[in-house]
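Worksheet: the structure to be examined is printed underneath.
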Amino acid sequence: MTILDNRPHSAVVVIDVQVDVMAAAHERANVIASIGTLVERARESQVPVFWVQHSDADMAQGSEGWRIVPELSQQPDEPVVHKRYGDAFEDTTLEDELLKRGIGRLVIAGAQTDACVRSTLHGAFTRGYDVTLVHDAHTTEDLSSWGAPPPAQVIAHTNLYWAHQTAPGRVAAVGSAAGVEFAS
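Taking UniProt numbering, the leading residue of the sequence shown gets 1, the next gets one more, and so forth.
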């Protein structure tokens with residue numbers, strides 16, 4: 001139901017599952033395993049997988065901490081989007097890459113739930129995409145010492161509110177890595 005014309009295809013977008021970002025992630029091993037399941041299912045269904053990598057002063061592009069976690073393998077034909085802002089659309093090639101492939105529906109996983117995942121969810125939805133959040137394939141670190149809720153609550157709240165997100169002509173949904181539908 002995307003409002004984007006002539007864009008019937010789906011893609012998986014894996015956000016910032018980088019060594020430094022995932023170092024202190026809540027349920028790290030389980031989330032990485034779920035992302036692995038999601039990525040393999042997408043590949044089997046011939047659904048493109050996009051890898052998003054953040055860089056900034058604390059995580060330089062090309063550094064060891066900037067790399068995708070070793071448990072996940074990016075295929076040579078899978079696009080990589082380099083970003084410097086929370087929303088993976090801001091000042092990146094993501095929109096152009098999706099347009100070239102006729103993609104209007106995104107399945108989103110990665111880190112961090114309360115920052116880049118949330119920013120990209122909203123960025124995609126306001127740009128007209130149908131957006132599915134994979135409830136068992138996103139995570140964040142514990143920021144409760146700065147006043148945030150514990151990570152499990154941040155993740156649960158994001159899953160809850162995204163399941164009820166609405167806008168004209170677009171679909172927001174939540175699904176599992178093993179069961180999410182790639183076609184609308």
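Ideal Cβ positions, reconstructed from N, Cα and C, are used throughout, including at glycine.
Name the two residues that bound the continuous alpha helix (DSSP H) containing Trp162. First-last of the alpha helix (DSSP H) with Trp162: Pro151 to Ala163.
To which residues does DSSP link Thr139 through a beta bridge? Residue pairing by DSSP places Thr139 opposite Ala111 in a beta bridge.
With DSSP as the reference, please indicate the residues paired to His82 in a beta bridge. Partner(s): Gln53.
Exposed or buried, which one is Glu141 when buried takes at least 16 other CB atoms within 10 Å? Counting every other CB atom within 10 Å of its CB across the protein chains shown gives Glu141 a total of 16 or more, marking it as buried.
Specify, as a first and last residue, the run of the beta strand (DSSP E) that Ala12 falls within. Note on residue identity: the sequence assigns Val, not Ala, to residue 12. Per DSSP, the continuous beta strand (DSSP E) segment holding Val12 begins and ends at His9 to Ile15.
Which residue or residues does DSSP assign as beta-bridge partners of Arg105? Arg105 is bridged to Ser10 and Asp130.
Using the beta-carbon count (16 or more within 10 Å), is Gln53 buried or exposed? By the 10 Å Cβ count, Gln53 comes out buried.
If Asp114 and Val154 are in contact, beta carbons under 8 Å, what's the gap, nearest whole angstrom? Indeed, because the Cβ distance is near 5 Å, the residues count as touching under 8 Å.
From the DSSP secondary-structure annotation, give me the bridge partner or partners of Arg170. Looking at the DSSP output, Arg170 shares a beta bridge with Ala167.
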